[in-house]
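Visitor: Okay, handing you the structure first.
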Amino acid sequence: RSDPHCAEHHEEAIEGHVKILITGGGTGGHLYPALAVADALKPKLGADNILFVGSNRGMESREVPEAGYGFRGLESVGFPRKPSPQLFKAMSAGVKAVRVARTILGEFAPDVVFSTGGYASAPVVFASWLARIPIVLHEQNSVPGRANRFASRKAERVFLGFSSARRFFPRRDHLRLSGNPLREQVVNGSRPRAIRQFRLEEGRKTVLVLGGSQGAHSINQAMVDALGYFGEREDVQFLIQSGQRDHEWMVERCREQPAKSWVRRFIPNMGDAYAVADLVVARAGAMTISELEACGLPSVLVPYPHAMDNHQLLNADQLREGGAAIVIEDRFLSGKDLHDQIVTLLEDHVELRKMSMNARRLARPDATEEIARALLGFGGAVDLAAAEDEREDRGRSGRGPDRGRRERPGGPRTGPGGGRDGRPDGRSDQRQDGRRGRSDSAGRDGGRPSGRRTQEGGGGERRDRGRRGGANAGEARPNGRQTESAVSAAAEVDSGAGEAAAVVTTPGAEGAPATSSRNSGASRRRRRRRGSGESRARSAGASNGGEGSGGGARGGSGDGGSPGNGGKSGATEGES
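Heads up: the sequence shown begins at 1 in the UniProt record's numbering, then just goes up one per residue.
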């Protein structure tokens, strides 16, 4: 279903050199899933065929180059949730970012764009839609962000980290529950290496305290207070990620407490930290939840209270309902309560082991590979086959790539006839309905004299087709002037059915030549006038002594009647 807008672009894809552009970032929750998928694609594509696009001011501008991937930055600004002067600044920056994104897309020429959300991803997704490049999304949270809600209408596929996110998307046919992709080093950490790296003491139980990639002041404050209640206990130690803002303050306060603790501004290798942890105290970001599940770690979760739509509380509910976590709302958090929960869990070995098993049961370890395979499929030769056929068809018809018409979501549908939407040669539904009407009535009525129809094929059916438009191939003009398209179409249908039908058209009463019927206002008015004169026409046909009855009443062959403006044409129809 890739867009065949560039021949060179598809030749590269068919040769296996699929190019994938990845966008998303601003926070670790958006960036790390993107890096996980890129790491899975790298052995198959190479780093040169993967490009990241994000914010110049986000953490992706530093971490993506360090991971070995190309990066292009945008000067994008997040949209405020309420009307404010910041809105105009964001709109202006968004327009500029879309222009830059279109330039990047033109230079890199990706086969598919993968977005993990965040405000920096919106301009890239919109530019990709304008360029008709397939878009694949991943939503990490229980409640989708604004960028992914907007982009989901343009996407070919949307992968979900939580099943509860389904209800927020208007379309359901392109949703897939995959879980959140995780980097290999997160789930394959080393406990001995962690003890050396963080200078921990062997034999103590370790409590890992996290506040997300930005830190969490309320958790830091409660943790400092909780350390005072632990005193000089020798069976527990704390590894704390403070974040940038609270780091100096946390270091000073923790030195004042007798409990063993090590404070880090940021923990670069979370895999080792998880490997050494016996219990985790953390926010409830989507990636934190998925990492706890994959590593089988029991936890005490404190959801961030100001998250959009309170989605962190919904994230935490998955672990709480699964028996893998205890949840404390931020407004009820205190050092004493945190101390009591930690002590209760560390002293109950059975409960701690049970929570660990429950966490692993909730994990979806194949999320990264599932998304990577889908991206390769959207850019690979299998999906490009339809695009190549379409390009060859355009070459035979002498047309170049049609950039002006956007296809339906999911690409053009083809059927046995080879035309769009399953219609032979792309003919309209009305033309097809007319042909079916002729073939059905011919087989049903055989050589019944014109003007005599069964209840099924009578005037009600004819009037219904008349309302659909005069382009139906089985209709005839007033005074027996049948359309040229009806003659050729009837001959085609009858010959295909093995019948040697000879349909003869005769000029009208004034000798006017047969003309093609069109779905116009004049033809509709003529049909309305004909409807009121049908009974008079049948009476006149009967008085002609059987010489082709029904001359004025649309006696076309499409409904089993004859052209009916003379005895010879009626005889020909009856003989066939």
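C-beta atoms are modelled at their ideal positions from N, C-alpha and C, and glycine is treated no differently.
1) Output yes or no for whether 9 angstroms exceeds the beta carbon distance between L137 and S152.
2) Helix, strand or coil for R264, going by three-state DSSP, please let me know.
3) When you compare only the Cα positions, how much space is there between R361 and L292?
4) Considering only DSSP beta bridges, list what T206 is partnered with.
5) If you drop the 5 nearest sequence neighbours on each side, which residues of the same chain put their C-beta closer than 6 angstroms to that of H311?
6) Ignore the nearest five residues each way along the sequence and tell me which others in T368's own chain have a CB closer than 7 angstroms to its CB.
7) Alpha carbon to alpha carbon, what distance is there between P123 and V95?
8) Note down the Cα distance separating R146 from G25, rounded to an integer number of angstroms.
9) Tell me the rounded alpha-carbon separation between G189 and F230.
10) Spatial neighbours of S178 within its chain, please: C-beta separation below 7 angstroms, excluding the five flanking residues on both sides.
11) Tell me which residues share the same chain as M270 and place their Cβ nearer than 6 angstroms to its Cβ, disregarding the 5 neighbours each side in the sequence.
12) Using beta-carbon positions only, say whether L301 and A282 come within less than 9 angstroms of one another.
13) Taking only runs that begin and end inside the region 20 to 97, name each unbroken alpha helix (DSSP H) of 4 or more residues, in chain order.
14) Can you list, in chain order, the residues of its chain whose CB lies under 7 angstroms from that of F150, leaving out five sequence neighbours each side?
15) Using the beta-carbon count (16 or more within 10 Å), is residue 581 buried or exposed?
16) Report the residue from V263, R171, I104 whose alpha carbon sits nearest the alpha carbon of V209.
17) For the alpha helix (DSSP H) that contains I195, what are its first and last residues?
18) Just to confirm, are A194 and A275 a CB contact at a threshold of 9 angstroms?
19) Report the residue from E184, E156, E139 whose alpha carbon sits nearest the alpha carbon of S163.
20) Can you round the beta-carbon distance between V53 and L21 to whole angstroms, since I take them to be within the 8 angstroms contact cut?
21) Measure from the alpha carbon of G285 to the alpha carbon of each residue in A90, P303, G58, then state which is nearest.
22) Of all the options T116, N148, A120, L105, which has the alpha carbon lying nearest to the alpha carbon of S128?
23) Note the first and the last residue of the continuous alpha helix (DSSP H) segment covering A316.
24) Taking only the alpha-carbon atoms, compute the straight-line gap between I342 and M91 and give it to the nearest angstrom.
25) For residue 647, which of A67, G118, A316, V236 has the nearest alpha-carbon?
26) Would G443 be called buried (16 or more neighbouring beta carbons within 10 Å of its own) or exposed?
27) Name the DSSP beta bridge partners of R176, please?
28) Helix, strand or coil: which one does DSSP assign to V18?
29) In its own chain, which residues sit with a C-beta less than 6 angstroms from the C-beta of K260, not counting the 5 before and 5 after it?
30) Compute the Euclidean distance between the alpha carbons of D111 and V18, then round it to the nearest angstrom.
31) For A277, does the three-state DSSP call read helix, strand or coil?
32) Alpha carbon to alpha carbon, how far is E252 from M287? Give it in angstroms, no decimals.
33) Does the beta-carbon of residue 597 have 16 or more other beta-carbons within 10 angstroms, so that it is buried, or is it exposed?
34) Just the Cα atoms here: how many angstroms apart are R196 and S55?
35) Could you compute how far the alpha carbon of F114 sits from the alpha carbon of A165?
Guide: In terms of the structure at hand:
1) yes
2) strand
3) One C-alpha to the other measures close to 11 angstroms.
4) Q237
5) Same-chain partners within the cutoff: N141, S142, V143.
6) A36, V37, A40, P181, L182
7) 8 angstroms
8) 14 angstroms
9) Here the C-alpha atom of G189 lies approximately 28 angstroms from the C-alpha atom of F230.
10) F159, L160, R364, A367, E370, I371
11) V186
12) yes
13) 28 to 45, 60 to 66
14) A122
15) Here the chain covers residues 1 to 576 and nothing more, so residue 581 does not appear.
16) V263
17) 191 to 198
18) yes
19) Minimum Cα-Cα distance from S163 among the listed residues E184, E156, E139 corresponds to E139.
20) 6 angstroms
21) P303
22) L105
23) 311 to 321
24) 47 angstroms
25) The chain is shown from 1 up to 576; residue 647 falls before or after that span and cannot be answered.
26) Model confidence at G443 stands at a pLDDT of 40, short of 50, so the residue's coordinates are unreliable and nothing is read from them.
27) F159
28) coil
29) Q237
30) 6 angstroms
31) coil
32) 30 angstroms
33) In the structure as shown, the chain begins at 1 and stops at 576. Residue 597 is therefore absent and cannot be evaluated.
34) 35 angstroms
35) 19 angstroms
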